[in-house]
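Below is one structure; the comments refer to it alone.
Residue numbers (the numbering used here): 857 to 1051.
See below:
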């Protein structure tokens, strides 16, 4: 009788364990189906950031009127574009800020210091498609941090600057050649205005 109860209990435990594993597999498959849409949403949001929309939406969470902020931020970005680029390019597998980038960053720092309406700065780090996703995310972060460090050295407030890495996820040029890779190894500086 005791062996019979033990056998029944063991059978129930084995079945329960099998049922639990199939549920885990279903969840994994479900997550795999959801993941592309999550990536697409993230891609669309970050494209909006580069187009000047998403950054303002992020700042407007503090209750700032987004329509006013959009206009001011757009004007700031147009003013900056008339002076210099908002992109810094990097060498292969490098986060070193070169002399050309230093000149552009000096112009950006002077522009920010002369404009009290700039409330925040986002620096996006990017990499080309070569290398693993994880490595390129880390490389993009090093690039963004290097730009931030240089700007802070020029007198900007470190608390005003946020860094983010997109790694190889958002190429400026989706081609698979040297010219595209040169464009994709970059940091992008986005300015946000205060009300």
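Quick reminder that beta carbons are idealized off the backbone N, C-alpha and C, glycines included. Please read all numbers here as calculations on a predicted model, not as lab measurements.
When the Cα of residue 836 is compared with those of 1040, 1002, 1049, 953, which residue comes out closest?
The chain is shown from 857 up to 1051; residue 836 falls before or after that span and cannot be answered.
Do the stretch 994-1003 and the stretch 1028-1038 touch if we need at least three Cβ pairs shorter than 8 Å?
no
Proximity of residue 1049 and residue 961 at Cβ, strictly below 8 Å:
no
Tell me whether residue 989 is buried or exposed, calling it buried when 16 or more other Cβ atoms sit within 10 Å of its Cβ.
exposed
In its own chain, which residues sit with a C-beta less than 6 Å from the C-beta of residue 979, not counting the 5 before and 5 after it?
1000, 1003, 1004, 1019, 1043, 1045
Report buried or exposed for residue 1013, applying the criterion of at least 16 other Cβ atoms within 10 angstroms of its Cβ.
exposed
Which runs of the beta strand (DSSP E) at least 3 residues long sit entirely within the stretch 935-1010? Give them in chain order.
943-945, 974-982
The beta strand (DSSP E) enclosing residue 1021, as first and last residue numbers:
1017-1023
If you measure between the beta carbons of residue 1054 and residue 964, is that distance less than 8 Å?
Because the chain is modelled from 857 through 1051, residue 1054 falls outside the range shown and cannot be assessed.
Which residues does DSSP list as the beta-bridge partners of residue 1047?
977
By alpha-carbon positions, which one of 946, 973, 966, 950 ends up nearest to residue 957?
946
Check whether residue 984 and residue 943 have beta carbons under 8 Å apart
no
May I ask you to list the residues that DSSP assigns as paired with residue 1042?
945
Which same chain residues, not among the five before or five after residue 953, have their C-beta less than 6 Å away from its C-beta?
1002, 1006
Mapping DSSP to helix, strand and coil, what is residue 886?
Because the pLDDT at residue 886 is just 41, under 50, the model does not fix this residue reliably, and the value given afterwards should be weighed accordingly. Residue 886: helix per DSSP, three-state reduction.
Cβ neighbour criterion (16 or more within 10 Å) applied to residue 939:
exposed
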